[in-house]
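S.K.:
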Amino acid sequence: MSARSPILLLKTKSSPHDGYDEFFSANHYNPVFIPVLEHRFHRENLARVRGLFASGAFNPEGSANESNGASRRYGGLIFTSQRAVEGFAKMIEEDGLAAPPGCHSQSKNPLILYTVGPATARSLTSLRDQYLPAATIHGADAGTGEVLAHLILKHYNSLFPPSSYQRNPSSKPGLLFLVGEQRRDIIPKTLMAPSLPREEQIPVEELVVYETKQMESFEDDFAAAVQQAAGSPTLWVVVFSPSGCEAMLRELKLGPFADADPGEGKRRVFVATIGPTTRDHLRSKFGFEPDVCAEKPSPEGVGEGIQRFMRFQGN
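Pasting the structure below:
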């Protein structure tokens, strides 16, 4: 039996299970995780989320809002990163979710959880089943923030019809978007676009629940992993975010860091990205074209892209 091909995954390994570890291990690869970012949760803002639940700000129509003097402020939450879900989970598991009874009931228009991909959807499903059984999850197949934004416009306005808010658009419940300090603004811009009729716009409030920065050890860790894989005929590197791209290209001597004379011989190092955002960053900032851009941000999406590329290469 031939040796397993190494595949370097530039991400922190998820716990207790990681879909990339399971998928690539089952497909004759040796997955190696190299964390790029370290995260710090904003405890104050997470406590604020808990306070909003306690106050009834997320309560469905016809629930206990009136009894505590609160009116529905939000129809749901938006998550576009695994870290935001982890922060939300941390808040619930450490401090509990002090939500009034209405938040758990099958009332009209229960709490909505919007997500941008299968990994966040799986994590949210576990939380929902345990703490918010009446909540609904949407967007697992969206793939990008832009696609999710248009999905939200259609879905949310079907639940909160614009015709009901023509006289008083400001009374429409909004969405709370749990974000990191670095994020794209495509979702709030799309949902609150001035070109939309006022009653079709969806108020979005962003709340920063975590910060990220590149780990100081990343470049050394990545160099060590590349060196360890030096004897392998093929090495794949999977990039999950723009962070760490420069160090990755520099170590691999690719893009602007390529040798003037690369010499002859069969190429052995290949780069895949989790989606178009990271691919476009590599293109625009470094003039580098990755070999694969996953059609879906999932282990299967990355795996299918790699398989297609290698088949085309005749490997």
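In this text, residue positions in the sequence shown follow full-length UniProt numbering: the first is 1, and each later residue adds one. Cβ atoms here follow ideal geometry from the backbone N, Cα and C, with glycine treated the same way. Predicted model, so just to flag it, every value in this text is computed and none were measured.
Rounded to the nearest angstrom, what separates residue 316 and Val271 at their Cα positions?
M.R.: Summary: the structure shown does not reach residue 316, with the chain confined to residues 1 through 315, and so no result is reported for it.
S.K.: Considering Lys154, what are the terminal residues of the alpha helix (DSSP H) in which it resides?
M.R.: Gly145 to Leu159
S.K.: Under a Cβ-count criterion, where at least 16 other Cβ atoms within 10 Å of its own Cβ denotes burial, should Gln82 be classed as buried or exposed?
M.R.: buried
S.K.: Need the endpoints of the beta strand (DSSP E) that Leu132 sits in, please.
M.R.: From DSSP, Leu132 is part of no beta strand (DSSP E); its letter is neither H nor E.
S.K.: Near Arg128, what residues of its chain come up, given a Cβ to Cβ distance below 8 Å and the 5 sequence neighbours on each side ignored?
M.R.: Closer than 8 Å at the Cβ level, and outside the excluded window around Arg128, lie Leu113, Ala135 and Ile137.
S.K.: Should Gly255 and Phe218 be called a contact, given that it needs their Cβ atoms to be closer than 8 Å?
M.R.: no
S.K.: In the DSSP output, what is Leu8 paired with across the bridge?
M.R.: Val32 and Val237
S.K.: Which same chain residues end up closer than 7 Å to Ala149 when comparing Cβ atoms and leaving out the 5 residues on each side of it in sequence?
M.R.: Close CB contacts of Ala149 within its chain, under the 7 Å cut and outside five residues either way in sequence, are with Ile186, Ile187, Thr190 and Leu191 (chain order).
S.K.: Assess contact between the segment 18–27 and the segment 42–52, defined as three or more Cβ pairs (one per stretch) separated by less than 8 Å. Is contact present?
M.R.: no
S.K.: Classify Gly102: buried if its beta carbon has 16 or more other beta carbons within 10 angstroms, exposed otherwise.
M.R.: With a pLDDT of 49 at Gly102, under the threshold of 50, the modelled position of that residue is not reliable, and the figure given next carries that caveat. Counting C-beta atoms within 10 angstroms of its own C-beta, Gly102 has 16 or more neighbours from the protein chains shown and is therefore classed as buried.
S.K.: For the beta strand (DSSP E) that Ala142 lies in, which residues bound it at each end?
M.R.: From DSSP, Ala142 is part of no beta strand (DSSP E); its letter is neither H nor E.
S.K.: Does the Cβ-Cβ distance between Ala223 and Glu251 come in under 8 Å?
M.R.: yes
S.K.: Just verifying my parser: in three-state terms, what is the DSSP assignment at Val116?
M.R.: For Val116, the secondary structure class from DSSP, reduced to helix, strand or coil, is coil.
S.K.: How far does the beta strand (DSSP E) with Thr273 in it reach, from first residue to last?
M.R.: Val269 to Thr273
S.K.: Excluding sequence positions up to five away, which residues of its chain have a Cβ less than 8 Å from the Cβ of Gln166?
M.R.: Glu199
S.K.: Once DSSP output is grouped into helix, strand and coil, what is the label at Gln201?
M.R.: coil
S.K.: Along the beta strand (DSSP E) that carries Tyr74, what are the first and last residues, could you check?
M.R.: Tyr74 to Phe79
S.K.: Give the DSSP-derived three-state secondary structure of Gln182 in the structure shown.
M.R.: coil
S.K.: Phe41 lies in the beta strand (DSSP E); which residues open and close that run?
M.R.: Leu37 to Phe41
S.K.: Mapping DSSP to helix, strand and coil, what is Lys296?
M.R.: If DSSP states are grouped into helix, strand and coil, Lys296 belongs with coil.
S.K.: Could you spell out the range, first to last residue, of the alpha helix (DSSP H) harbouring Phe222?
M.R.: That run of the alpha helix (DSSP H) goes Phe218 to Gln228.
S.K.: So, under 8 Å CB-CB, Lys13 and Phe41 are touching, yes? Tell me the CB distance rounded to an integer number of Å.
M.R.: About 18 Å; that fails the 8 Å criterion.
S.K.: Short of 6 Å in beta carbon distance, which residues of its chain neighbour Tyr210, apart from the five on each side in sequence? Order them along the chain.
M.R.: His39, Phe41, Arg83, Gly87 and Gly180
S.K.: Quick one: what's got a C-beta closer than 6 Å to Thr273's C-beta in the same chain, skipping five residues either side?
M.R.: Val239, Arg279, Pro290 and Cys293
S.K.: How long is the line joining the alpha carbons of Leu126 and Arg267, rounded to whole angstroms?
M.R.: It is Ser, not Leu, that sits at residue 126 in the sequence shown. Spanning the two alpha carbons is a distance of roughly 43 Å.
S.K.: Suppose the cutoff is 6 Å on Cβ atoms and the five residues either side in sequence are ignored; what does the same chain contact list for Met248 look like?
M.R.: Sequence-distant partners of Met248 (beyond 5 residues in either direction) whose C-beta falls short of 6 Å from its own C-beta are missing from its chain.
S.K.: If we count the other Cβ atoms within 10 Å of its Cβ and call it buried at 16 or more, is residue 375 buried or exposed?
M.R.: There is simply no residue 375 to check, as the chain begins at 1 and stops at 315 in what is shown.
S.K.: DSSP puts Lys213 in a beta bridge; with which residues?
M.R.: Glu38
S.K.: So is Ser67 buried or exposed if we call it buried at 16+ other beta carbons inside 10 Å?
M.R.: Low local confidence applies: a pLDDT of 42 at Ser67 is under 50, so the model's placement there is unreliable, with the coordinate-based value given in what follows. By the neighbour-count rule (16 or more Cβ atoms within 10 Å), Ser67 is not buried but exposed.
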